[in-house]
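Q:
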Amino acid sequence: MPNGESQDQPEDAVITATSDAGRDDFLNINEIKEQLPTASASKAQRLWRDYIILYLEEEIPTDPERLQALVREINLSAPSVPPELASTTKDTLEALRDGKAYDWPYPDPGQQKVALGAEPVMMFNGQFVHESEDIRINGAGIDFVFKRTYKNQINYNGPLGFNWDHNYNLWLRVANDTIFRSTGVLREDDYFRHQNGDYFVPPDGQHGIIFENDSLEDDVSFIWRAPSGDRYIYQEDPSRPFLHRIKRIEDKHGNYLRFSYPDGKLRQVEINHPERIVQFSYDEQDRITCISDYTTEFGAQGRQWIYTYDDLGDLVAVTTPKTDRYPDGLTTCYEYSSAQFAGELQHNLIRIIDPAGQLYLENEYGIERGLLRFNRVVRQRQGGGEAFFEYDDIIQEFDQEYLDKERPAHQTTMVERNGHPVHYIYNKFGNLLLREENILQEGLPRLIQWRYRYNADGALVGVLTPDGVVTQYYYGRDDYLRQPGKTDEGVRSDDQLTQQARMAFGNLLAVVKRGVRFDFATMVSNRRLGAWGDFFPDIITNTDPRDIITKFKYESDFQQMLTSSDPRFTQSADPNGIETGRYDETLTRYEYRPQRI
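What the sequence shown shows, in this note's numbering, is residues 1357 to 1953, in sequence order.
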């Protein structure tokens, strides 16, 4: 903790452990085995998937007899596992083997606002994340955008080699009443069948829903619908009935991307017109080697993006199409740790070289097994500066009981490229709870702190600045929880939660900027919830005439904004609160017409 904290501040110090590299916020294999018999239906399938991943020590066999033997071995290792879970073991193993599941039991949080730093690093766990948009083609209504994502801590060998994914690598994996949905960014989200059976409820932080085919197409199996009305339409994989691959993406106006798999691999994408085709080519290991479009300006084969791999399975170069200015295209190169390390340290991206041959980025990872820095970014060089990272886990010993979204779990100190250290504390989901740093003010050192709170979706609901300015946010989820008997834990089992209500959880309903300055110590003392609790004043019942309040309303079909209020005439953040006549007169109203003008 940085020096200089006032002695009259509430006790928010934390006890840290730096020597144990275990993930205390996730279960180990024995803990999963103990919980399986009593786990809720919405949680059990996810726990069993994690158990299988943790159990594996060798490659999953392709031979049917050896695979079946492994299935029996895993099921016998957990004799208390319910039969309906044991029946999915073989499907899970096949999906892991064939790149239709991510072999990592500690997935990235699906919540919003997972904090990133530098270029970029997931600050709570030190994972390096890199995204690159290679292709964007205007589809006259819907664009084809090919985007790659890399994460160093994910164990995955897919269509772009090790630890890379792309945004059209989309599947559903059905396991009893749970559907695992790939996101194309090296993360799966688990959806659980609603009690009424008419849709699958998303996890916290996600607001789209899955339902069974409601179209007239016989080969459609499931549809994922975003709150905005975009639909991801899936079809069953003929070779693996438990898998469903993306068939079409369409927006609410009917613009579409259509995907074709003539030999089981994604070969073509049709962009809103039968003659606008993007084609994919693969090598013998089913990795993308070329993507070509329908244009013929620079050759009959269209523009071509080339992907090159080394003998260790890493993507080492991406070359853009040739142009008059660059007849050989532009090539970005990637260097990895694969030749120097094995196991978890293999396939770590250590350098990116831009098309001009300049070093764009360099990473150094911790290599000391048993320490928290292991396989995390500890140094990052970009341009002429370097950033350094130190990680600690926080021992879960507190005087108060906190919810997961409130409880500090990890802390990171980042020394920025100018040499200035900044200290961050996060909850188990990677949401930033506290940022603090020392500055010089009028020649004297001063500790300044920002404090943040979130709801269970990871949406930011409160900010306290060093100067005492408070801003609060009120979302659809928060409004749902104000109903009698509603809790975060009961969302997925609430038989009264409709599709429309669940998709509205992410709607921002109100913003309140408090008109008076607040003192952190006083706020904590008044609420008596501890330094890490939700010490902010109640956004609905605690109002002041000096507060600046803005409210928003949305239509229920596509969650489009209908009105936003004028803060001068808004008295309450309550969506159903009574307002003056001037409130209605000064609303900004939005209208949406399906026809083009």
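We put the CB at the ideal spot given by N, CA and C, even for glycine. Note that the coordinates shown come from a computational prediction; the quantities given were computed from them, not determined experimentally.
Taking 7 angstroms as the line, does the beta carbon of T1687 fall inside it for any heavy atom of the ligand FMN?
A: No copy of the ligand FMN occurs in the structure displayed, which carries no ligand at all.
Q: Please give me, in chain order, every unbroken run of the beta strand (DSSP E) with length at least 3 that falls completely inside the segment 1715 to 1792.
A: 1715 to 1721, 1733 to 1738, 1741 to 1750, 1766 to 1771 and 1777 to 1782
Q: Quick one: is P1414 buried, meaning 16 or more other Cβ sit within 10 Å of its Cβ, or exposed?
A: A small fix is needed here, since residue 1414 is Glu in this sequence, not Pro. It is exposed - the Cβ of E1414 has fewer than 16 other Cβ atoms within 10 Å.
Q: Would you call the segment 1536 to 1544 and the segment 1493 to 1513 in contact, with 3 or more CB pairs under 8 angstroms?
A: yes
Q: Compare the beta carbon distance of E1626 and R1643 with 8 angstroms and say whether it is the shorter of the two.
A: no
Q: Leaving out the 5 sequence neighbours to the left and right, which residues in its chain are closer than 8 angstroms to Y1782 when beta-carbon positions are compared?
A: A1471, M1479, F1480, P1764, A1765, H1766, Q1767, T1768, L1788 and L1789
Q: Nearest CA to the CA of E1390: which residue from I1416, A1673 and P1438?
A: P1438
Q: Indicate whether V1817 and Q1828 have their beta-carbon atoms separated by less than 8 angstroms.
A: yes
Q: Let me confirm a value: R1309 is counted as buried when at least 16 other C-beta atoms fall within 10 Å, else exposed. Which label applies?
A: No statement about residue 1309 is possible, as the shown extent of the chain runs from 1357 to 1953 and does not include it.
Q: Residue ranges of each beta strand (DSSP E) run of no fewer than 3 residues wholly in the segment 1650 to 1694, ordered along the chain?
A: DSSP runs (the beta strand (DSSP E)) wholly in the segment 1650 to 1694: 1660 to 1665, 1671 to 1675 and 1687 to 1692.
Q: Once the 5 residues before and after Q1624 are set aside, which same chain residues still bring their CB inside 6 angstroms of it?
A: Excluding sequence neighbours, Q1624 sits near S1616, I1633 and Q1635.
Q: Roughly how many angstroms lie between the CA atoms of A1929 and I1905, to the nearest whole one?
A: 6 angstroms
Q: What's the C-alpha gap between N1532 and T1444?
A: 8 angstroms
Q: Would you give the residue range spanned by the beta strand (DSSP E) that W1527 belongs to?
A: W1527 to A1531
Q: Are three or more beta carbon pairs between the segment 1836 to 1855 and the segment 1911 to 1927 nearer than 8 angstroms?
A: no
Q: With a threshold of 16 other CB atoms inside 10 Å of the CB of A1743, please say whether the residue is buried or exposed.
A: buried
Q: For H1776, count neighbouring C-beta atoms within 10 Å of its own C-beta (all shown protein chains included) and say buried if the count is 16 or more, exposed if not.
A: exposed
Q: Express the C-alpha separation of V1826 and F1536 in angstroms, rounding to a whole number.
A: 39 angstroms
Q: Taking D1813 as the reference, give the member of R1833, L1864 and D1823 with the closest Cα.
A: R1833
Q: Considering just the uninterrupted stretch of the beta strand (DSSP E) at Y1910, what are its terminal residues?
A: Element bounds for Y1910: I1904 to Y1910.
Q: Counting only runs of 4+ residues fully inside the segment 1842 to 1878, write out the alpha helix (DSSP H) ranges in chain order.
A: 1855 to 1859
Q: Rounded to the nearest angstrom, what separates F1876 and R1587 at their Cα positions?
A: 45 angstroms
Q: Look up Y1948 in the DSSP assignment and give the residues it is bridged to.
A: In DSSP, Y1948 forms no bridge with anything.
Q: Give me the Cβ distance between F1518 and G1669, rounded to the nearest whole Å; I'm assuming they're in contact under 8 angstroms.
A: 5 angstroms
Q: Can you give the Cα-Cα distance for L1441 and H1779, rounded to whole angstroms?
A: Each residue's alpha carbon lies about 43 angstroms from the other.
Q: I need the boundaries of the alpha helix (DSSP H) containing G1713, first residue and last residue.
A: Premise fails: G1713 is in no alpha helix (DSSP H) and is neither H nor E.
Q: Go through its chain and collect everything with a Cβ distance to T1942's Cβ below 8 angstroms, but skip five positions before and after it.
A: S1921, D1922, R1924 and F1925
Q: Please check the pair K1761 and Y1810, which I expect to be a contact at CB under 8 angstroms, by giving their CB distance rounded to whole angstroms.
A: 5 angstroms
Q: What is the rounded straight-line gap between the Cα of G1937 and the Cα of T1944?
A: 14 angstroms
Q: Let me check one thing: in DSSP terms, what residues is F1914 bridge-paired to?
A: Its beta-bridge partners do not exist; DSSP assigns none.
Q: Taking the straight line between their C-alpha atoms, what separation do you get for R1453 and D1900?
A: 59 angstroms
Q: Starting from E1489, follow the beta strand (DSSP E) in both directions and report where the run begins and ends.
A: Q1483 to I1493
Q: Counting C-beta neighbours from all protein chains within 10 Å, is the total for H1550 16 or more, i.e. buried, or is it exposed?
A: buried
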